[in-house]
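Enquirer:
Numbering (our numbering), first residue to last: 802 to 1818.
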């Protein structure tokens, strides 16, 4: 149930619009909606229904109206939202923002203003534009309202006006001054006393090269205020007037920094079918949606039985419409009904789509909600066509829908999906004439010129008039020159084996698939059957060769035969995919023809191919980490050759779904791949997949009592937990690993657990504990020659020593770490060490050296695609600029961080950016903005448990409050910061010292004493 009140009152269910004819029902609903999610007492409802005075039976009549409203709208007895509930003394209508446009408006405005305050005008403009777009006129304009409701609507109109002001502010911040001139002129004409509007009007005129008109606007406003109210314009407007007079540089239009990474335009549509025929009515419906584009997202859901041609129609229509969607086309197979394969999770589908939009793994958040929000943001102003193929449920699809009214979504599914505002399109079997045309065009008109139409009709009827079956049968006839159409019809009639999910009355596509299969060569039939055993969505020639135990060239030739027979597709060069129906047929045929031993041998060869090739790719991509990984399991089969980092990581990315499919199916594969892929999964920010893989490995090791593998899986789980700031889970995994390592004498496991516990305690400000773990790890790593562990432990010790003011010792740690990183070719470790040196030099007040190290780190991070390293380097540069009074450069660094950090869910650096912006605004005299950013930083520090960072945020708040004259609040904040630092035994936390806090407190106490003396006199 959805309600719209920002205009006429509209109610819509899944079945269409709901009409409330009774005036009192509409009045009752209006009051409840205007107070959605808040109790409304009976007296207020009675006043609204009987404004001229209630009758004696009003309470009873009200209950009757409420019951009738529940029945009319289906709001009774529902566990979900919206629903109308009884509360003490009244009633309450429960709604989510998606149920009521008023709530959606409020949420979007709040998000927009937060983004504007955070210095993100692009996001602010987008949110506020969508919020204002929800208004269709005067709220409840077709409802007769009582005095109380009319008063509420005045307030609502004011909220709309304030949102419009904020949107205009965002447009000016983006440099769109000329675009808003007409709107501002209209507003200052209708609202002649609102000074903020006049300020924006003057600024827009000035930036548009119309300085004289801007000055005249000020004179007009001043004359009006003096004449009408007897007052002068406020100080902000007078200051702006003076700046316009002097052409102050602060008034220059902003120049937004260009995004440093090229964003590719996705062109993901599969190839169109040249022989596509029929479906003219359905195709016309899809094509005409672009003629009169509504101001809302366009969704078409195509459903029908398997093999009916849903994907072919969607892809064909998408190609016809592609030119209208200049920002690209996305295509994703959701595998909703792929036999033996679980449907793609919405989070994983969003991961693929965001990567298609140009984002790297490090930029993509972990949570589904965060991914969906980032996806909608990326598409907010884009014209993109999206094809969601083979969907399973509404829940799978909803997070994949953009919010932009300029996008088009085509969905295909075997079930009819009930998605709000989607236009359903159900496909049935082709009409006889279209089925005949499809068969003739595919088989060849010349071949069938003398064939009777009745015989052709019989053939397409035996195919169930299903496009997939027709294409396969026609292709076989075209390939077999010695066949006649009558012979084909007889064979189709004899081949009646059915695939259960494709039964259509007495007909089935299995006849056509069987026909194609039986007329393959014996080697091709064997490859076809074995391909049906492959557990992943697609494969390459090397994998097919491993499955069939063939040379790669021979496997490639047989794959080409299957493509020619329309039993296999090649969506991109070198990658092969079954239609899910044919996959089911191939697997079923293999189970009948091939022995269990042959099938298991094929899967073992394929498993060995994937696992061993992954080992080789990892050795090329991450050579410094080779000692932590297992090697190949035996004699290697032919596999791709990797000559560089890019080629190796590309293979790992492409084949990840196949690798994980084998890990899910085989305990041994899970253990091996967990150890092999761990570093790649961390670098690519594939945390969800990593956790699932490592947990399978842990369980597999536990089942076979392999304590060594179990404790290493625990360490890997802990490292991923740390990456996601899941400290309790990380503690549990590392502590269990440590206990197992010491019980079994596993030195490598003990080292990993020691470093992990150090990394766990350090960000939680338990420095002595962290240092002890790092020192133990370093001593043991030196004794055993574990260079990677030495590097990790030295970096950890350096961070601890820096925090406790042991700068010389920290410098020694980092110098040794840098030597190890460069000697072992560990560029990620070298990057971390450069950042550590920059941070250390900043603490030592050697700011120029700090800047050089951070600039080196930033260059390296961008070169190797390490987004976390890029963020840390930007934080370091921001502080150097800040404390050298280069506020504009510092703010640019922090704004860049706020743009990148949410994309990879990096809460630590989000804290640093907000805290840094708080300091920038405080130093620039913008104390209200300083408070906003420091409060945001404090909330993040509390959320992730960073105690010393809470003290830093409180220090920033205290400084800003003191500047605003809020002395008592400033003293409270400084005292809380001091209590935090002394409580954890620290004299310094980054840029803050306890001595500095105590000096501020003494100064405030002196002011209070002086104030009391003056008051006494």
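Cβ atoms here follow ideal geometry from the backbone N, Cα and C, with glycine treated the same way.
According to DSSP, simplified to helix, strand and coil, what is residue 819?
Expert: Here residue 819 refers to the residue found at position 18 of the chain shown. If DSSP states are grouped into helix, strand and coil, residue 819 belongs with the strands.
Enquirer: Return helix, strand or coil for residue 1211, following the three-state DSSP convention.
Expert: Within the chain shown, residue 1211 is the residue found at index 410, counting from 1. Strand at residue 1211.
Enquirer: Return the CA-CA distance between residue 1121 and residue 1228, expressed in angstroms with no decimal places.
Expert: Taking the chain shown and counting its residues from 1, the one referred to as residue 1121 is at position 320. Taking the chain shown and counting its residues from 1, the one referred to as residue 1228 is at position 427. The alpha-carbon atoms of residue 1121 and residue 1228 are separated by roughly 19 Å.
Enquirer: If you scan the stretch 1312-1393 from start to end, which runs of the alpha helix (DSSP H) of 4 or more residues do you find wholly inside it?
Expert: Runs found: 1323-1332, 1342-1349, 1353-1365.
Enquirer: Mapping the DSSP letters down to three states, classify residue 1735 as helix, strand or coil.
Expert: The residue labelled residue 1735 in the question sits at position 934 within the chain shown. Of the three classes helix, strand and coil, the one that applies to residue 1735 here is helix, per DSSP.
Enquirer: Am I right that residue 963 and residue 985 are in contact with their C-beta atoms under 8 Å? What's the rounded C-beta distance?
Expert: Here residue 963 refers to the residue found at position 162 of the chain shown. Here residue 985 refers to the residue found at position 184 of the chain shown. At roughly 15 Å, the Cβ-Cβ gap does not stay under 8 Å, so residue 963 and residue 985 are not in contact.
Enquirer: If you count every other CB in all the chains shown that lies within 10 Å of the CB of residue 1133, and 16 or more means buried, which is it?
Expert: One-based indexing of the chain shown puts residue 1133 at position 332. The residue is buried, with at least 16 neighbouring Cβ atoms inside 10 Å.
Enquirer: Among 824, 896, 856, which residue has its Cα nearest to the Cα of residue 833?
Expert: Along the chain shown, one-based indexing puts residue 833 at 32. Of 824, 896, 856, the residue nearest in Cα terms is 896.
Enquirer: Is the shortest distance between the beta-carbon of residue 955 and the beta-carbons of chain B less than 7 Å?
Expert: The displayed structure is made up of one protein chain only, and chain B is not part of it.
Enquirer: Straight-line CA distance for residue 765 to residue 998?
Expert: With the chain running from 802 to 1818 in the structure shown, residue 765 is simply not present.
Enquirer: Taking the alpha-carbon of residue 1725 as reference, which of 1051, 826, 923 has the nearest alpha-carbon?
Expert: Walking along the chain shown from the start, residue 1725 turns up at place 924. Measuring from the Cα of residue 1725, the nearest candidate turns out to be 1051.
Enquirer: Helix or strand or just coil, what does DSSP make of residue 1423?
Expert: Walking along the chain shown from the start, residue 1423 turns up at place 622. Residue 1423 falls in the coil class under three-state DSSP.
Enquirer: Run the CB neighbour count on residue 994, radius 10 Å, all protein chains shown included, and call it buried at 16 or more, exposed below.
Expert: Against the chain shown, residue 994 aligns to sequence position 193. Under this definition residue 994 is an exposed residue.
Enquirer: Go ahead and pull the three-state DSSP assignment for residue 1191.
Expert: For this step, residue 1191 is matched to residue 390 along the chain shown. In this structure, residue 1191 counts as strand in the three-state DSSP scheme.
Enquirer: With residue 1224 as the anchor, note down where its alpha helix (DSSP H) starts and where it stops.
Expert: One-based indexing of the chain shown puts residue 1224 at position 423. Taken as a continuous stretch (DSSP letters only), residue 1224 belongs to no alpha helix (DSSP H), being part of the beta strand (DSSP E) at 1223-1227.
Enquirer: Rounded to whole angstroms, what's the CA-CA distance from residue 1195 to residue 1040? Just pull it up for me.
Expert: Counting from one through the chain shown, the residue named residue 1195 turns up at place 394. Counting from one through the chain shown, the residue named residue 1040 turns up at place 239. So the alpha carbons of these two residues sit roughly 55 Å apart.
Enquirer: Which stretch, first to last residue, makes up the beta strand (DSSP E) that contains residue 803?
Expert: The residue labelled residue 803 in the question sits at position 2 within the chain shown. Its beta strand (DSSP E) spans residues 803-805.
Enquirer: Quick check on DSSP: helix, strand or coil for residue 812?
Expert: Start at 1 with the first residue of the chain shown, and residue 812 comes out as number 11. If DSSP states are grouped into helix, strand and coil, residue 812 belongs with the strands.
Enquirer: Just the C-alpha distance for residue 1082 and residue 1226, rounded to the nearest angstrom, thanks.
Expert: To locate residue 1082, count along the chain shown from 1; it is residue 281. To locate residue 1226, count along the chain shown from 1; it is residue 425. Rounded to whole angstroms, residue 1082 to residue 1226 spans 11 Å at the Cα level.
Enquirer: Cβ of residue 926 within 6 Å of any heavy atom in the ligand MG?
Expert: Only the bare structure without any ligand can be found here, which leaves the ligand MG out of the picture.
Enquirer: Quick one, are the C-beta atoms of residue 1150 and residue 1201 less than 7 Å apart?
Expert: Position 349 of the chain shown, counted from the start, is the residue given in the question as residue 1150. Position 400 of the chain shown, counted from the start, is the residue given in the question as residue 1201. Closer than 7 Å, so yes.
Enquirer: Could you check whether residue 1662 and residue 1650 sit closer than 7 Å to each other, using their CB atoms as the reference points?
Expert: In the chain shown, counting from the first residue as 1, residue 1650 sits at position 849. In the chain shown, counting from the first residue as 1, residue 1662 sits at position 861. No, Cβ-Cβ distance for residue 1650 and residue 1662 is not below 7 Å.
Enquirer: In the structure shown, what three-state DSSP assignment does residue 887 receive?
Expert: For this step, residue 887 is matched to residue 86 along the chain shown. Note: residue 887 maps to strand in three-state DSSP.
Enquirer: With a Cβ-Cβ cutoff of 7 Å, do residue 1577 and residue 1555 count as a contact?
Expert: Mapped onto the chain shown, residue 1577 falls at position 776. Mapped onto the chain shown, residue 1555 falls at position 754. Yes.
Enquirer: Taking residue 1100 as part of the beta strand (DSSP E), name the residues at either end of that continuous run.
Expert: In the chain shown, counting from the first residue as 1, residue 1100 sits at position 299. That run of the beta strand (DSSP E) goes 1099-1104.
Enquirer: So, using beta-carbon positions, are residue 1321 and residue 1271 closer together than 7 Å?
Expert: The sequence position of residue 1321 within the chain shown is 520, counting from 1. The sequence position of residue 1271 within the chain shown is 470, counting from 1. Against a cut-off of 7 Å, the Cβ pair of residue 1271 and residue 1321 comes out as no contact.
Enquirer: Between the beta-carbon of residue 1111 and the beta-carbon of residue 1243, is there less than 7 Å?
Expert: Along the chain shown, read from residue 1 onward, the residue named residue 1111 stands at position 310. Along the chain shown, read from residue 1 onward, the residue named residue 1243 stands at position 442. No; because the gap between Cβ atoms is not below 7 Å, this pair is not in contact.
Enquirer: Quick check on residue 1127: does DSSP put it in helix, strand or coil?
Expert: Position 326 of the chain shown holds residue 1127. It is coil, neither helix nor strand.
Enquirer: Which residue from 1331, 1586, 1004, 1517 puts its Cα closest to that of residue 1539?
Expert: Stepping through the chain shown from its first residue, residue 1539 is reached at position 738. For the residues 1331, 1586, 1004, 1517, the minimum Cα distance to residue 1539 belongs to 1517.
Enquirer: Count the other C-beta atoms from every protein chain shown that fall within 10 angstroms of the C-beta of residue 806, then say buried if there are 16 or more, exposed otherwise.
Expert: Taking the chain shown and counting its residues from 1, the one referred to as residue 806 is at position 5. Buried is the call here.
Enquirer: How about residue 1006 and residue 1015: are their beta carbons less than 7 Å apart?
Expert: The sequence position of residue 1006 within the chain shown is 205, counting from 1. The sequence position of residue 1015 within the chain shown is 214, counting from 1. Cβ atoms of residue 1006 and residue 1015: closer than 7 Å.
Enquirer: In terms of residues, what are the limits of the alpha helix (DSSP H) holding residue 1507?
Expert: Position 706 of the chain shown, counting from 1, holds the residue named residue 1507. First-last for residue 1507: undefined, no H or E at that position.
Enquirer: At a cut of 8 Å, does the stretch 1695-1705 reach the stretch 1713-1721 through at least three beta carbon pairs?
Expert: The answer is yes - the stretch 1713-1721 touches the stretch 1695-1705, with three or more Cβ pairs under 8 Å.
Enquirer: On a Cα-Cα basis, can you pick out the residue from 1431, 1478, 1434, 1439 that is closest to residue 1450?
Expert: The sequence position of residue 1450 within the chain shown is 649, counting from 1. Nearest of 1431, 1478, 1434, 1439 to residue 1450, Cα basis: 1478.
Enquirer: Decide if residue 1301 is buried, meaning its Cβ has at least 16 other Cβ atoms within 10 Å, or exposed.
Expert: Taking the chain shown and counting its residues from 1, the one referred to as residue 1301 is at position 500. Confidence is the limiting factor: at residue 1301 the pLDDT is only 37, short of 50, which leaves the residue's position unreliable, though a coordinate-based value still follows. It is exposed - the Cβ of residue 1301 has fewer than 16 other Cβ atoms within 10 Å.
Enquirer: Give the straight-line distance between the Cα atoms of residue 1734 and residue 1221, rounded to the nearest whole angstrom.
Expert: Here residue 1734 corresponds to residue number 933 of the chain shown, with the count starting at 1. Here residue 1221 corresponds to residue number 420 of the chain shown, with the count starting at 1. So the two alpha carbons sit approximately 38 Å from each other.
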